[in-house]
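Below is one structure, written out as structure tokens, with a few remarks after it.
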Amino acid sequence: MSKHYKGYNLTNLEVQQNYDVGQDYRNIYLTSSSPKRILDISEDQIVNSQIYASAPDQAVLLNTATAFLQGLYPPLENIDQALAAQTLNSNERVIRRLGDYQYLIIQGENDNSPDIIWLKGDEQCPSVTISTIQNKESTDFKQRVEETRAFYESFWDQLSSLRTLADDCESNVAYSTDDLARSIGGQRFAGGILEQLEQIVTTKGKLKFTLLAGSYDTFLEFFGLNNLSAVSGDFRGLPHYASTMAFEVFTRGDVTAFPNVDDLRVRLMFRNGSTKGEASRAYPLFGGQEQSLPYNDFVSKMKEFAINSTEQWCSTCRSDALFCQAYSARDNASKFGRTHSAMLNAIAGVIGALSTLGIIGLGGLLFVLIRRRRSAINAGSAESNVKGSIISQGSSM
């Protein structure tokens, strides 16, 4: 885990796991025979205008996104010889090296870019740091340390308990109903989801697939904000490596063109781990029972806790990141002569209640437009005509 050990990179096994996940999502959303194929998406050859891929400028997350995309769009020579070759003016047919390997653009976000907070909203954020310190100084945390001291002194025979404690520790750091500052990363992540969903709807499906590569802590924060632990206690645990969240935008009608927004619905599909061929499962959000919601209802619910702008994130975090300085200068000018004081948790609570955004993690995101085929679709895997989806894949960052 690179948050604890520096110089970490993907192993060959992890590259293969991410590649396998990409292949599975290719079979779900791109293959012409799939009942959940994205409407009008290019099946074999990359069309960069249809795909948006983003990851923090860190080796693990960039390589995670790259391996996933290699599985999503493999070399053309393995798929279609006609597409793989180009004919020159001399009538010579040429195939690029590596079997016509396909190069999809990945947006690498450096630490000074405001877009980094979509997936790393808990970094360069003093509010999160203060909240974490306060958690470690709390009576509950100190009591847990004392209660488990003997265990840690003889833990070799208690590895299952060790995993449970690790899950509990990371879950408590990521989310607390009493301290929303712990989940600021998840709140901004939610904001990213809504921004991408809005692009899908406003462009009537021209943006078909978005991949965001992120970390497990963002997953846990998002799980907490959406009360998914009420659905299953497993959501309090660490997701397995290369896990994915997908938000699908779909319609129950049989259509050939992008429908009216009132006919759209959204559902969350989660896949824990990278076991090849394993199906994603639909889960109800916001503590409800329905596995999908009308698009406008979903957006309204997400806006209750999402952070919808860089400026809002900077204010909530009290961050001095380079891209926050413009907002700080403006605020200082407008508030000159006035005092400003408030409890950190009160600020986080108000921001969390009024903010408006969301997205998924692969550590990555994936939005998809899906066209319903006339064949029957099993409940829980697809209700009908999918118009778009967001997928997130988790790494061990």
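Numbering-wise, full-length UniProt numbering puts 267 at position 267 of the sequence shown, and it's gapless, one number per residue.
Even glycine gets a Cβ: it sits at the ideal position worked out from N, Cα and C.
| Check | Outcome |
| --- | --- |
| Three-state class that DSSP yields for Gln86 in the structure shown | strand |
| Own chain residues within Cβ distance below 7 Å of Ser319, not counting five before or after | Gln124, Cys125, Pro126 |
| Ser171 CB to nearest heavy atom of the ligand FAD below 6 Å | Among the components of this structure there are no ligands whatsoever, and the ligand FAD is therefore not found. |
| Reference Ala279, options Gly121, Gln16, Gly22, closest by Cα | Gly22 |
| First and last residue of the uninterrupted alpha helix (DSSP H) at Ser161 | 159-174 |
| Secondary structure of Glu248, DSSP reduced to three states | strand |
| Alpha carbon of Ile106 to alpha carbon of Glu92, nearest angstrom | 31 Å |
| Distance between Pro74 and Phe235 (C-alpha atoms, nearest Å) | 32 Å |
| Nearest neighbour of Leu212, chosen from Ile307, Leu61, Gly205 [CA to CA] | Leu61 |
| Close Cβ partners of Asp122 (< 7 Å) along its chain, the five nearest in sequence each way excluded | Val128, Ile184, Gly185, Asp217 |
| Sub-7 Å separation of Glu137 and Ala174 beta-carbons | no |
| Minimum C-alpha distance to Phe141 - residue among Phe247, Leu159, Leu165 | Leu165 |
| Where Ala53 sits in the DSSP three-state scheme | strand |
| Beta-carbon spacing of Val255, Tyr295 below 7 Å | no |
| Beta-carbon proximity of Ile28 to Ser34, cut-off 7 Å | yes |
| Residues of its chain near Pro259, where Cβ-Cβ distance is below 6 Å and the 5 sequence neighbours each way are ignored | Thr251 |
| Which of helix, strand or coil DSSP assigns to Val47 | coil |
| Paired residues, beta bridge with Val145 - DSSP | DSSP lists no partner for Val145. |
| For Arg281 and Thr244, believed in contact at Cβ under 8 Å, the rounded distance | Contact flag wrong, Cβ pair sits at about 11 Å. |
| Residue 417 classed as buried or exposed, judged by whether at least 16 other C-beta atoms fall within 10 angstroms | Here the chain covers residues 1 to 397 and nothing more, so residue 417 does not appear. |
| Exposure label - Phe323; buried when at least 16 CB within 10 Å | buried |
| First and last residue of the uninterrupted alpha helix (DSSP H) at Ala59 | 59-72 |
| Candidates Ala190, Asn135, Ile38, of which the one nearest Cys169 by Cα | Asn135 |
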